[in-house]
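Residue numbers (our numbering), protein chains in the order written: chain A, 178 to 269; chain B, 178 to 269; chain C, 119 to 473; chain D, 119 to 473; chain E, 7 to 197; chain F, 7 to 197; chain G, 810 to 1057; chain H, 810 to 1057.
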Amino acid sequence: MVQKELTAHIKINSERCKGCGLCVWVCPQKSIAIDKISNNMGYFPACTDDVGCTGCAMCALICPEAAIEVYRDNTTQTDTASVTSTSGKDNA
Amino acid sequence: MVQKELTAHIKINSERCKGCGLCVWVCPQKSIAIDKISNNMGYFPACTDDVGCTGCAMCALICPEAAIEVYRDNTTQTDTASVTSTSGKDNA
Amino acid sequence: MSEKVLMCGNEALGEAAILAGVDGYFGYPITPQNEATAYMARRMPEEGRVFVQSESELAAINMVMGAAATGARAMTSSSSPGISLMQEGISYLAGLELPCVIVNIMRGGPGLGSIAPAQGDYFQATRGGGHGDYRCIVLAPASVQELVDLMQLAFDLADQYRITVMVLGDGILGQMMEPVELRKLPRRDLPEKTWAITGARGRPQNILRSLLMTDNQLELHNKHLQEKYAGICKSETRVEQFDVDDADVICVAYGIAARVVKSAVIVARDEGIRAGWIRPITLWPFPTDAIGMAAEHKGREFLVVEMSCGQMLEDVRLAVNGKAPVRFYGRAGGAVPTVEEVLEQIRKIAPVIVD
Amino acid sequence: MSEKVLMCGNEALGEAAILAGVDGYFGYPITPQNEATAYMARRMPEEGRVFVQSESELAAINMVMGAAATGARAMTSSSSPGISLMQEGISYLAGLELPCVIVNIMRGGPGLGSIAPAQGDYFQATRGGGHGDYRCIVLAPASVQELVDLMQLAFDLADQYRITVMVLGDGILGQMMEPVELRKLPRRDLPEKTWAITGARGRPQNILRSLLMTDNQLELHNKHLQEKYAGICKSETRVEQFDVDDADVICVAYGIAARVVKSAVIVARDEGIRAGWIRPITLWPFPTDAIGMAAEHKGREFLVVEMSCGQMLEDVRLAVNGKAPVRFYGRAGGAVPTVEEVLEQIRKIAPVIVD
Amino acid sequence: MMAGNFLEEVIIAGFGGQGVILAGKLLTQTAMKKDLKVSYIPAYGPEVRGGTANCMVVISDESVACPLVVSPTSLIVMNKASLLKFTPALKSGGLMVMNRTLIDVAAGRDDITLLEVPADDIALKLDNPRGANMVALGAYVTARGILTVDDVAACMPDVLAKRYHDTLEANIKTLKAGAAYIREHYDAVVS
Amino acid sequence: MMAGNFLEEVIIAGFGGQGVILAGKLLTQTAMKKDLKVSYIPAYGPEVRGGTANCMVVISDESVACPLVVSPTSLIVMNKASLLKFTPALKSGGLMVMNRTLIDVAAGRDDITLLEVPADDIALKLDNPRGANMVALGAYVTARGILTVDDVAACMPDVLAKRYHDTLEANIKTLKAGAAYIREHYDAVVS
Amino acid sequence: MQTVFSRTPTLKDCTTHYCPGCGHGLAHRLVAEVIDELDIRSRTLGIAPVGCAVYAYDYIDVDMIEVPHGRAPAVATGMKRMRPNNIIFTYQGDGDLASIGAAEILHAANRGEKITVIFVNNAVYGMTGGQMAPTTLLDQVTATTPRGRSQQNDGFPLRICELLTVLPGTAYIERCSLHDPKHIRQVKKAIRRAFEHQVEDKPGLTLVELLSPCPTYWRKSPKEAMAWIANEMTKVFPLQCFKEPEKS
Amino acid sequence: MQTVFSRTPTLKDCTTHYCPGCGHGLAHRLVAEVIDELDIRSRTLGIAPVGCAVYAYDYIDVDMIEVPHGRAPAVATGMKRMRPNNIIFTYQGDGDLASIGAAEILHAANRGEKITVIFVNNAVYGMTGGQMAPTTLLDQVTATTPRGRSQQNDGFPLRICELLTVLPGTAYIERCSLHDPKHIRQVKKAIRRAFEHQVEDKPGLTLVELLSPCPTYWRKSPKEAMAWIANEMTKVFPLQCFKEPEKS
Ligand SMILES: Cc1ncc(C[n+]2csc(CCOP(=O)(O)OP(=O)(O)O)c2C)c(N)n1
Ligand SMILES: Cc1ncc(C[n+]2csc(CCOP(=O)(O)OP(=O)(O)O)c2C)c(N)n1
Ligand code: SF4
Ligand code: SF4
Ligand code: SF4
Ligand code: SF4
Ligand code: SF4
Ligand code: SF4
Ligand SMILES: [Mg+2]
Ligand SMILES: [Mg+2]
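Written as structure tokens, this is what we have:
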């Protein structure tokens, strides 16, 4: 695996993932692929080596299973991710 | 009753009439009035002396009970009555 | 004791619902219950409560479902064809265990039928015209006063058991005027509606659902419902009896028909016939025990009188269970049996006793 | 004899309807009967006949009404919640005396319930879930072959008596595949549909109406209907019996449940228990006489098995009329009784006879 | 007032617009106010407007078992159609108030007490053209003797919609004219 | 073929996409064509996609009374979840075909005949990655001895949708590979 | 003497059960006249509503059926599909069509069923005693809006023509009024166009809305009722041809 | 490291029962995100449809009820009238809303009920196995249109937004699509606007239509399904804000 400075990365919950491939399709950086090993549900989940990931969150945005989390270096500030969800204060 | 040359007249079926007065209201010639004697249904039907009747058929056109028939001298030809009904040939 | 006022059944049932604290009325016009809808249109806003004329009976029962789901007291009223349109909704209400009150002021059927009084929806009310195994409590008042009292009971029963309560009357009950005391009955001690959907504040989400697809859930739910129903049978059966003890012929009738029959029984007694009278007040649960017990007495016969072709008849036969002959006299399609007709039937069955 | 093909019940019922000459199918998707709708969507146009996917079950039953009114053979199919929505329409069809066929492939209830097989709509089908006094003929096939045969009978009965015929099966019957012979049964000699509305050519206007408000018309109409129903009871009751003659315990079940029960009865006989089996094929008219006769034999007990909380049970008890004990074993909400469970019940009731 | 056990069953019948429903309600209300047991059933017909209207009133000193009246003990008929329809049902010995203004045929019963009252004429004379119902009711009440016209007059405000309260006086006058007619012409039957 | 009176009750179970429904239909069709009495019930679950699928096949020489299979005489399990769910129900002395490729646990029953078949592996080797169902069916049929794989192969066109008929050959090959595996590894149990 | 106007044969020779001045009688007559003019009496099938016009079959002398409240368009669908050569019309009130039957008219229109709908809008439920209809005007007092229809509680007057015009399945949609002879003529023309469209077997549903007086539940004299249509109703329900049928 | 995107709390932490690539999961997430952003979880009441999303309550963590097929708007009416301070939404499929429930959505809209409708249009009945929906495109093959939807037999694709826009009772109507990230953002904005409108207690019903993929019954891969929305569905169902809510 190529070592590199990560400014952003994603976390795929591979047990949630159904291998629909939509994240693969939309990732501008081609950072995501479909795995060759199936998960416990029998699906082949998405996986990533995070190479090139800009944290644009396109993948997370389109994931029907909300199986992707996106993290980014605090210092970087691009405009792509406008979908950060806030946790409701009111969830007592 | 004033004797006059009839070029047109109407026939009100006073047992059908419910005395709604709509014919009275629309007659341009004020040829229709409401009777003072009620019919068997308890309604006071419309009546006419045909004075002034032009056969314009306004009264018939608006009568909800289809209680009015209109007749006119063959020779007269005004344009008001466009609603002559034909009997369906097909009423076998 | 408050003063008596002369009121027609349809209006009185509305006022009784208001006394019972109904929060929302949802209904669609239909004869012979229109006075109820009109009354509520006037009175509910006066009380600061909700009146909605729904676009149909289908919408009405679903509005009731929504209102009841929030824990509110909700009701609708209609007449036979309108109640038929509610059957899917009623089955859902049973599945969801939502409390509500439905009034059916029955008219002649089947189809558009007539607006004349009838009792042809007994099967529908007591057996469930909707799909699946469920029951509604069915109350059958015979006078405007009883209607006022049972309406209030209906709301309590609904809340206590999380069940649909149907108040079943015929067109006469809705239209007739009688003196009534608009008395407010004491409310039962009722469980809190912790299941209601009101917003998940400080508690986990509440879910009201009837789709139960896994792990035998639906069968367990049905078991639970059946147990609840059995409990209701034990505690909530109501019946009125009159001159039963020594009777040779026992007449069974409900609602307005029961009043006609009572008159006939009184005259029969005058004629020296030992007639008696049983009036089920709850049609479900049906007073099976009372009738069964009455049937133990040897030599008795039963006469069921209905404004239908014979529906309660089945419940009476089930209760009697072969222990006595059960006869039937019915008028259908909006016709009402007369005292004289019923007397005729009684006379046929029972001998005159010269004391 | 034509060849046997393996077919699921839902498709087979569609093909049977086509054999019966159905002119129009109107339906709305619902599990577990979807294959029927899909099959008709494909086959009806192939046959040059009409398929319409209606916007709802409400619309479906009214489209059926329209088609039937013109004298055509019309049908719909659905499952429990969908049938509940048809109740007003069915009452109208009864009032108008329009012939049609309705298939109900029952699922678990109440409410949305489940898509698992069930028999919880027995009351609705046999007592009329709609308003007023009316009946539908109810046929309960127990195999795909019988489904094919009874579908054709259904159209004939509908036309002969101007009545709605309901074919009642559970989800298993719809989904299961069995070998069937798609045989076309001879059509009964049927009356001409002079009442149909087809255009008043050379005859006075035909009117189909159920609103009968004057001169006791509605009661007379009800009398006429009741007489018609009585005639059907006399002529069209169907029942299958098996090992009844010497039985100590007689099991009564219908549809798929009856097949489970039959297996249990066979095993019971092997164990030396004198068990017998009665399967109503028509649920209305119910085989009251057959069961009543079986109940005459002293010392017998009856065991009713249903995939419901006990609905046909009432008809059996009415037929037995106190002459013998009637027990019940039911599974509800989509569960199916097993052979072993039924055996257990049989064993509890009847002694083992050592010959 | 009548003494002892009694069951009075009244049918009031006429045209749709003749106010028979109001007359029935007024009679029922009055009896209720006098602590009698009552019931009242309007007949609601198929016709939207017009046609005949009628209502059934039961008055008793015991609670009313059957509110339906099939064979009335008293009958008030305001038009011919009603007369023809209900006369056969009137109990032998019963009382009939007939609106003579609109009915030009005989009752055809000699086993009843017949009061022929020109109700519309009397009302018209009092300038209350819709008051025939009150005339008939006044006549009935006076002849029957269960209630008095004053009882009835006292209850009129309860039954008449507020917006018609300006007609109270006229209606009471009309009611009393009906009573007066009976006293004048049928004094013998006044109980 | 088996002689005499018999009642074979089979459950075939696996993932949604594993073709258990097709295998069941094929088995049923074949038995029918051999003039046996049959019934077939697919289990339709709540899930739209995914989840487990299973079906019940009954084969008998007498007409099938109960089409429901609770305690199967034979069980074909294609994945672990199905094994766990259905193994307890298998009749003592029954036959189990287990897809060893996807099941890494033991059946835990010693009163049955267990056939462990690496169904997916075999199918994959034959370049028919969706053919594990056929392998298992071939194995079952061969071991059970009611029908032959040739019988089954002959019926495949009846059951496979027309648009898949290009896969017929591959599927028949896969089916036979299942049979061959049994003859090779479990010759003793072949009836 | 020449007969200028007489009762058309398809309008049966009897008295209606309608109130004096009711628009249903007028509407019936116009439908019957069109049927006779087009000479289609013997192949026309009518569907009566549940509403004051439930007895339409007692007046219009064609084969007819009475069906559940609001479901006429579904029934018509079943009929037309079975008998495409017959001329099928529904006659529906505003409660029947726009309230309880909203789904059925919408979907029949969307399917483009080749039927003709005569939609009688009298802004009230006549048959049941004058309750609010979907077409009741704001502030109009009815049995169920004793303080007048309130937009907040009861919603807006529902404009059916405007709504159905959106659907490509409709071929001809026109709103007319019965409030005076001139407009009555227009109604007749519209009904004729609708039926003609169907007779020519052209695609799509045809609907004519008639603003129609209900003097009884408007609590107006027949004359006042007509004036109220002209002055008030037409403001909310503008008279207009919303969709022209294609020329043949 | 900063979290750019994570699961919003109101979306329960579990796997859905949907097919891979199904739009319902997406729609749920967006609704849950808006609920959290507006901080209204504890006063929101949801109504699940009968359709693939029947289990919506298993995913969206607010009080919810499951109601008869198509009747959600009527149920919502009952709820909102009882609890005007709660935020009420229905979540409905195209079969649920546009077919069997046509009357209920129409009348709730016409009454101007203050509810929010999330309308998921996937041009097919998912739950029952891929039958024709009112929104199925012409020529689209489904289980009940094996030869493709035919305008003559089956009518036209029903455009709900266009229809409801005609009604004055609707306050905000927008059609968006889930077919790519850009459009998904637009969906979220629209859902937010709709909920906001209700939170601000402004009059009228709000409805957002979502073009949503059903790869399973379109017999397409998830990617192809998205492309089909972009290329085919949007032609028939143009993406558009049909009615702007008034500014507060
Ligand atoms: C299912 C059902 N609900 C209600 C009724 C009662 N009902 C009869 S007609 C009618 C409305 C009539 O109004 P409309 O359609 O406007 O016709 P109109 O009488 O005004 O001509 C209603 C609600 C019914 N017969 N059936
Ligand atoms: C009264 C009734 N009819 C039919 C059904 C069966 N049914 C369940 S969901 C559904 C349609 C689902 O389609 P849609 O609303 O488009 O939702 P989707 O699954 O596509 O998301 C149908 C017809 C039912 N449950 N109840
Ligand atoms: S955040 Fe953007 S760049 Fe990173 S994996 Fe996701 S789509 Fe690709
Ligand atoms: S979009 Fe989500 S579910 Fe689909 S492959 Fe990517 S992570 Fe898996
Ligand atoms: S035909 Fe014309 S002029 Fe003659 S009475 Fe009628 S309206 Fe008057
Ligand atoms: S319009 Fe007709 S019903 Fe009215 S008064 Fe004139 S004749 Fe009589
Ligand atoms: S109530 Fe209205 S619509 Fe009905 S008949 Fe009378 S005037 Fe006509
Ligand atoms: S069937 Fe379609 S709508 Fe339903 S879960 Fe699957 S992809 Fe989604
Ligand atoms: Mg109207
Ligand atoms: Mg959909």
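Even for Gly, the Cβ is constructed at its ideal location relative to N, Cα and C. Values in this document were obtained by computation on a predicted structure and should not be read as measured data.
The residues 209, in chain order, have a CB closer than 6 Å to that of residue 250/C in the same chain once the five nearest residues on each side in sequence are set aside.
For the set 1015/G, 1020/G, 960/G, the Cα lying nearest the Cα of residue 1054/G is the one of 1015/G. Residue-level contact check: residue 186/C touches chain H, since one or more beta carbons of chain H fall below 9 Å from its beta carbon.
By the Cβ-count criterion, residue 411/D is exposed, with fewer than 16 other Cβ atoms from all chains shown falling within 10 Å of its own Cβ. Against chain A, the CB of residue 970/H has no partner CB under 9 Å away; the residue lies outside that interface. In this structure, residue 293/C has its CB at a distance of at least 8 Å from all heavy atoms of ligand 1. Going by beta carbons, residue 102/F and residue 108/F fall outside the 9 Å limit.
Per DSSP, residue 345/D is one residue of the alpha helix (DSSP H) stretching across 335 to 354. Within 8 Å of the CB of residue 937/H, the CB atoms of chain D belong to 147, 148, 149, 152, in sequence order along the chain.
Contact of residue 450/D with chain C is assigned, a C-beta pair being separated by under 9 Å. For residue 335/C, the distance from the CB to the nearest heavy atom of ligand 3 is not below 8 Å. Comparing C-alpha distances from residue 826/H to each of 935/H, 893/H, 991/H, 815/H shows the shortest one belongs to 935/H. Per DSSP, reduced to three states, the secondary structure at residue 850/G is helical. Think of a sphere of 8 Å around the beta carbon of residue 859/H: the chain D residues whose beta carbon falls inside it are 230, in chain order. Residue environment: residue 471/D is assigned as exposed (fewer than 16 neighbouring CB atoms within 10 Å of its CB, all protein chains considered). If you draw a straight line from the Cα of residue 848/H to the Cα of residue 830/H, it is about 29 Å long. Proximity of residue 961/G to chain H, defined by a Cβ-Cβ separation below 9 Å, is satisfied. With respect to chain F, the C-beta atom of residue 293/D has a partner C-beta closer than 9 Å. Here DSSP, grouped into helix, strand and coil, assigns residue 274/D to helix.
Short note on residue 152/D: C-beta not closer than 8 Å to any heavy atom of ligand 8. Per DSSP, reduced to three states, the secondary structure at residue 121/E is strand. Cα atoms of residue 387/C and residue 159/E: separation of roughly 39 Å, rounded to the nearest angstrom. Counting only Cβ-Cβ distances below 7 Å, residue 324/D has contacts in chain G at 872, in chain order. Neighbours of residue 941/G in chain C, taken as residues whose beta carbon is under 7 Å from its own, are 171 in chain order. Membership of residue 180/E in the alpha helix (DSSP H) is indicated by the continuous run 174 to 191. The region 233 to 242 of chain C and the region 240 to 257 of chain D touch, with no fewer than 3 CB-CB distances between them shorter than 8 Å.
In the structure shown, residue 175/C falls within a helical segment according to DSSP collapsed to helix, strand and coil.
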